[in-house]
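In the numbering used here, the protein residues as written are 78 to 387.
Contents: one structure, followed by commentary.
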């Protein structure tokens, strides 16, 4: 794959969205409960995980979620019968839940149903909870199903465009060879620089790359080049939205050069839901005429739900 050099200059604009992406919270709360009891009762003091699960399964109506220790309470205006909340962020999340209902990364559905879900879409989104250490395992398990449904490329957050040849070298190296080990070390060093030595993000990103290689998929580097992850753009857009614009440019260019490809984008789930007035990656791609679909497991949207603004 050819490299595309960005001419956009770096900046350090910060928005509430960026803070939401970087804020820490308990990673365990992004995991689904294995068992749920008394599912029909009103969730006055249920755990965050349990409440969200009941909503995604259609047992409970969509809720405005508010944080209260380790529990979530429905707000006073949460309505029965499945009515959508009026608040943009909640509405976006509820729509996303409906779009991904039934997807289970522990036991992926048959590729025929996934293929039907993807349809003519050129881009597939898979939102990640950055603090969930187990998400690469679920991602890896789902890749063969997605590959059989037409996905052939994985676009990976945190990999800069000018690192494409380095990543391609890792993918082409023989498994277990000194060349592969050397390429992995170089990728890790670059990632550590990008994420300010965050070992969890470095390790998870490398696991996503390894999963793609094991599945026989290509990897697309989508981040802008430069000293940090942000560049000057529309003053009305936050830094994360500017990154989304760069991702959309890279994906659009790649799919024009590879018209038969389907690109699976693995990135933080907040890039795929409406936050403030910034356009989402799906919205930006839609404006470019690139059809897309969101297959994010509902549990991965907890990152945004837990930090729902007041």
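C-beta atoms are modelled at their ideal positions from N, C-alpha and C, and glycine is treated no differently.
For clarity, every value in this text was computed on a predicted model and none was experimentally measured.
Assuming residue 243 contacts residue 261 under a Cβ cut-off of 8 Å, what Cβ separation, rounded to an integer in Å, is found between them?
Here residue 243 is taken as the residue at index 166 of the chain shown, counted from 1. Here residue 261 is taken as the residue at index 184 of the chain shown, counted from 1. Their Cβ separation, rounded to whole angstroms, is 10 Å, which puts residue 243 and residue 261 out of contact at 8 Å.
Where does residue 240 land, buried or exposed, given buried means 16+ other C-beta within 10 angstroms?
Taking the first residue of the chain shown as 1, we reach residue 240 at position 163. By the neighbour-count rule (16 or more Cβ atoms within 10 Å), residue 240 is buried.
Under the three-state DSSP convention, the category residue 254 falls into
Locating residue 254 in the chain shown gives position 177, where the first residue counts as 1. Reduced to three states, the DSSP call for residue 254 is coil.
In three-state DSSP terms, what is residue 369?
The count along the chain shown starts at 1 and reaches residue 369 at position 292. Under the three-state reduction of DSSP, residue 369 is assigned to strand.
Sequence ranges, alpha helix (DSSP H) only - wholly within the region 214-264, length at least 4
Runs of the alpha helix (DSSP H) inside the region 214-264: 241-249.
When you compare only the Cα positions, how much space is there between residue 248 and residue 199?
Locating residue 248 in the chain shown gives position 171, where the first residue counts as 1. Locating residue 199 in the chain shown gives position 122, where the first residue counts as 1. One Cα belongs to residue 248, the other to residue 199, and the distance between them is close to 22 Å.
Reduced DSSP category for residue 299 - H, G, I as helix; E, B as strand; rest coil:
On the chain shown, position 222 is the one that residue 299 refers to. Three-state result, residue 299: strand.
Helix, strand or coil: which one does DSSP assign to residue 350?
Sequence index remark: in the chain shown, residue 350 carries index 273 (1-based). In the structure shown, residue 350 sits in coil (DSSP, three-state: anything other than H, G, I, E or B).
Residue 193, buried or exposed, once every other Cβ within 10 Å from all chains shown has been counted against 16
Residue mapping note: residue 193 aligns to position 116 of the chain shown, counting from 1. So residue 193 counts as exposed.
Euclidean distance between Cα positions of residue 289 and residue 206
If you number the chain shown from 1, residue 289 lands on position 212. If you number the chain shown from 1, residue 206 lands on position 129. For the pair residue 289 and residue 206, the Cα-to-Cα distance works out to about 18 Å.
Take residue 293 as the anchor and find which of 368, 230, 271 and 276 has the nearest alpha-carbon.
The count along the chain shown starts at 1 and reaches residue 293 at position 216. Among 368, 230, 271 and 276, the Cα nearest to that of residue 293 belongs to 230.
C-alpha gap between residue 374 and residue 342, whole angstroms
Indexing the chain shown from 1 puts residue 374 at position 297. Indexing the chain shown from 1 puts residue 342 at position 265. The alpha-carbon atoms of residue 374 and residue 342 are separated by roughly 13 Å.
Which partner residues does residue 205 have in the DSSP bridge list?
Against the chain shown, residue 205 aligns to sequence position 128. Answer is 345, bridged to residue 205.
What are the start and end residues of the alpha helix (DSSP H) that includes residue 337?
The residue labelled residue 337 in the question sits at position 260 within the chain shown. Counting along the chain, residue 337 falls outside any alpha helix (DSSP H), and DSSP gives it neither H nor E.
Beta-carbon contacts of residue 191 that lie in its chain and below 6 Å, excluding the five residues immediately before and after:
Taking the chain shown and counting its residues from 1, the one referred to as residue 191 is at position 114. Only 222 and 226 meet the Cβ criterion.
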